[in-house]
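Numbering of the sequence shown is given in the UniProt record's numbering, commencing with residue 1 and proceeding in unit increments. Virtual Cβ for every residue (Gly too), placed ideally from N, Cα, C. Okay, structure first, notes after.
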Amino acid sequence: MQPKTGLPTTGLEPVLLVDQRDGWTKLTLNRPERLNAFNEAMHQALAAALDEAGADEHCRAVLLTGTGRGFCTGQDLSDRLGGDGPHDLGATIEAFYNPLVRRMRALRKPVVCAVNGVAAGAGANIAFACDIVLAARSAKFIQSFVKVGLVPDSGGTFFLPRLVGPARARGLAMLAEPLPAETAEAWGLIWKTVEDATLQEEAERLTAHLATQPTQGLSLIKQALDAAQENSLDEQLDLERDFQRKAGRTPDYREGVSAFMEKRPPRFSGRDS
């Protein structure tokens, strides 16, 4: 299926390409001349597309990527020029970046990210907010905030220490040194590094696979792993019990057991009842 048009545009091009595939949706940030830096139009388009994917029962996975030579460099700083006084950056975060991260984490479907080039500032942290991140071998991750006197946002101060530990998190945030994709993989920031030429193909294959899996089970996995970052062991054991009860009542559990007993591939529906 061809990408949708009619979305907010920069010039003649939509700022977000929405490509609905068989059981999943590909969302492509499309401001390549600005290395896919966010402006208000792209925020609005991405929020609407994520909401649509979440509400679409036929969409069981989402792939997020970018056009051109960069995945995303965070906020388009040209939008911050001019005016009589200092801009309220907190208002921008409250209106756009925090809701975006919350949307992706709350989406009851897996979100795959294909980082096709530089991911800087909020662009890097938006990638880390996804469930599974693939990166081109040439990609780099940069916590560039300190270069303009800011602090990591879009969940950066939350995700970084949990993914790589406090020492590496402080180094990344305070030094703003580019982190190569292969190092990001070795440190546990991302799932896998792949060759540039095969990134999109592999990301699409992975997303298509997830779209055939037990969607309700994947949703519960997302929720359980997020809760584990704050829960005690006893709280997490109780949560696992409750979630397993829910998963065990889904059609996909019955189908999985039947397929195992009959020695055939399962045909998961993704339905919760």
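Item to complete: Give a yes or no on whether the C-beta atoms belonging to Phe-96 and Glu-177 are separated by under 9 Å.
Response: Sequence index remark: in the sequence shown, residue 96 carries index 96 (1-based). Sequence index remark: in the sequence shown, residue 177 carries index 177 (1-based). Taking 9 Å as the cut-off, the beta carbon of Phe-96 is found no closer than this to the beta carbon of Glu-177.
Worksheet entry | Per DSSP, the bridge partner or partners of Asp-19 | Locating residue 19 in the sequence shown gives position 19, where the first residue counts as 1. Looking at the DSSP assignment, Asp-19 forms a beta bridge with Lys-26.
Item to complete: Kindly indicate which three-state DSSP category Ala-176 falls into: helix, strand or coil?
Response: Residue numbering aside, residue 176 sits at position 176 when the sequence shown is read from its first letter. When DSSP states are grouped into helix, strand and coil, Ala-176 belongs to the coil group.
Item to complete: Using beta-carbon positions only, say whether Gly-117 and Lys-140 come within less than 9 Å of one another.
Response: Residue numbering aside, residue 117 sits at position 117 when the sequence shown is read from its first letter. Residue numbering aside, residue 140 sits at position 140 when the sequence shown is read from its first letter. A contact, by the Cβ cut-off of 9 Å.
Worksheet item: Under a Cβ-count criterion, where at least 16 other Cβ atoms within 10 Å of its own Cβ denotes burial, should Ser-144 be classed as buried or exposed?
Response: Residue mapping note: residue 144 aligns to position 144 of the sequence shown, counting from 1. Buried.
Item to complete: Tell me Lys-140's beta-bridge partners as DSSP assigns them.
Response: Taking the first residue of the sequence shown as 1, we reach residue 140 at position 140. Pro-180.
Discussion item. According to DSSP, simplified to helix, strand and coil, what is Gln-75?
Written reply: The sequence position of residue 75 within the sequence shown is 75, counting from 1. DSSP places Gln-75 in the strand class (E or B) of the three-state scheme.
Fill in: N- and C-terminal bounds of the beta strand (DSSP E) containing Val-115
As a working note, residue 115 is residue 115 in the sequence shown. Per DSSP, Val-115 belongs to the beta strand (DSSP E) from 111-115.
Worksheet entry | Buried or exposed by the 16-neighbour rule on C-beta atoms within 10 Å, applied to Ala-106 | Within the sequence shown, the letter at position 106 stands for residue 106. Ala-106 is exposed by the Cβ-count criterion.
Worksheet item: Looking only at DSSP bridge pairs, what is Ala-93 linked to?
Response: As a position in the sequence shown, residue 93 is number 93, starting the count at 1. For clarity, residue 93 is Ile in the given sequence; the question names Ala instead. DSSP output for Ile-93 lists no bridge partner at all.
Fill in: Candidates Ala-49, Thr-212 and Ala-186, of which the one nearest Pro-14 by Cα
Working through the sequence shown from its first residue, we reach residue 14 at position 14. Of the candidates Ala-49, Thr-212 and Ala-186, the one whose C-alpha sits nearest the C-alpha of Pro-14 is Ala-49.
Item to complete: Ignore the nearest five residues each way along the sequence and tell me which others in Gly-54's own chain have a CB closer than 6 Å to its CB.
Response: Along the sequence shown, one-based indexing puts residue 54 at 54. Excluding positions up to five away in sequence, the list reads Leu-107.
Worksheet item: What does Pro-166 pair with, by DSSP beta-bridge criteria?
Response: Stepping through the sequence shown from its first residue, residue 166 is reached at position 166. Answer is none; Pro-166 lacks a bridge partner.
Discussion item. If contacts are defined as beta-carbon pairs under 8 Å, then Pro-251 and Ala-259 qualify, I think. What distance do you get, rounded to the angstrom?
Written reply: Stepping through the sequence shown from its first residue, residue 251 is reached at position 251. Stepping through the sequence shown from its first residue, residue 259 is reached at position 259. With a contact defined as Cβ atoms closer than 8 Å, Pro-251 and Ala-259 miss out at about 12 Å.
Worksheet item: First and last residue of the alpha helix (DSSP H) that includes Lys-246?
Response: Here residue 246 refers to the residue found at position 246 when the sequence shown is read from its first residue. Here the alpha helix (DSSP H) through Lys-246 covers 233-247.
Practice prompt. For His-87, count neighbouring C-beta atoms within 10 Å of its own C-beta (all shown protein chains included) and say buried if the count is 16 or more, exposed if not.
Written response: Walking along the sequence shown from the start, residue 87 turns up at place 87. The residue in question, His-87, is exposed, as its Cβ has fewer than 16 Cβ neighbours within 10 Å.
Practice prompt. Kindly list the residues whose CB is nearer than 8 Å to the CB of Phe-268, restricted to its own chain and excluding five residues on each side of it in sequence; keep chain order.
Written response: Position 268 of the sequence shown, counting from 1, holds the residue named residue 268. The residues are Thr-212, Gln-213, Pro-214, Thr-215, Asp-252, Glu-255 and Gly-256.
Discussion item. For Ala-136 and Val-115, which I take to be in contact (beta-carbon distance under 8 Å), what is that distance rounded to the nearest angstrom?
Written reply: Working through the sequence shown from its first residue, we reach residue 136 at position 136. Working through the sequence shown from its first residue, we reach residue 115 at position 115. At roughly 7 Å, the Cβ-Cβ gap stays under 8 Å, so Ala-136 and Val-115 are in contact.
Worksheet item: CB Gly-74 to CB Ser-154, shorter than 9 Å?
Response: Indexing the sequence shown from 1 puts residue 74 at position 74. Indexing the sequence shown from 1 puts residue 154 at position 154. Taking C-beta atoms as the reference points, Gly-74 and Ser-154 count as a pair closer than 9 Å.
Item to complete: Could you check what DSSP says for Val-133 in three-state terms: helix, strand or coil?
Response: For the purposes of this step, residue 133 is taken as residue 133 along the sequence shown, with counting starting at 1. Note: Val-133 maps to strand in three-state DSSP.
Item to complete: Using a threshold of 9 Å, state whether the C-beta atoms of Ala-47 and Pro-99 are closer than that.
Response: Here residue 47 corresponds to residue number 47 of the sequence shown, with the count starting at 1. Here residue 99 corresponds to residue number 99 of the sequence shown, with the count starting at 1. With respect to the 9 Å criterion, Ala-47 and Pro-99 are classified as neighbours on the basis of their beta carbons.
Item to complete: Enumerate in chain order the residues of its own chain whose CB-to-CB distance from Ser-219 is below 6 Å, with the five nearest sequence positions on each side excluded.
Response: For the purposes of this step, residue 219 is identified with residue 219 of the sequence shown, where counting begins at 1. Arg-108, listed in sequence order.
Worksheet item: For the putative contact between Asn-125 and Gly-156, defined by C-beta atoms under 8 Å, what is the C-beta separation to the nearest angstrom?
Response: As a first step, residue 125 must be located in the sequence shown, where it is residue number 125. As a first step, residue 156 must be located in the sequence shown, where it is residue number 156. Rounded, the Cβ-Cβ distance is 4 Å, consistent with contact.
Worksheet item: CB-CB under 7 Å to Asp-76, same chain, minus the five flanking residues each way: which ones, in chain order?
Response: What you label residue 76 is simply residue 76 of the sequence shown in a count that begins at 1. Cβ neighbours of Asp-76 beyond the five flanking positions: Arg-34, Ala-37, Phe-38 and Asn-39.
Worksheet entry | Beta carbon of Leu-134 nearer than 9 Å to that of Trp-191 | The residue labelled residue 134 in the question sits at position 134 within the sequence shown. The residue labelled residue 191 in the question sits at position 191 within the sequence shown. Cβ atoms of Leu-134 and Trp-191: closer than 9 Å.
Worksheet item: Three-state secondary structure (DSSP) at Thr-65?
Response: The sequence position of residue 65 within the sequence shown is 65, counting from 1. In this structure, DSSP gives Thr-65 an extended state, which the three-state scheme calls strand.
Discussion item. Along the chain, where does the beta strand (DSSP E) containing Ala-119 start, and where does it finish?
Written reply: Translated into positions along the sequence shown, residue 119 becomes position 119. Ala-119: member of the beta strand (DSSP E) spanning 118-120, first to last residue.
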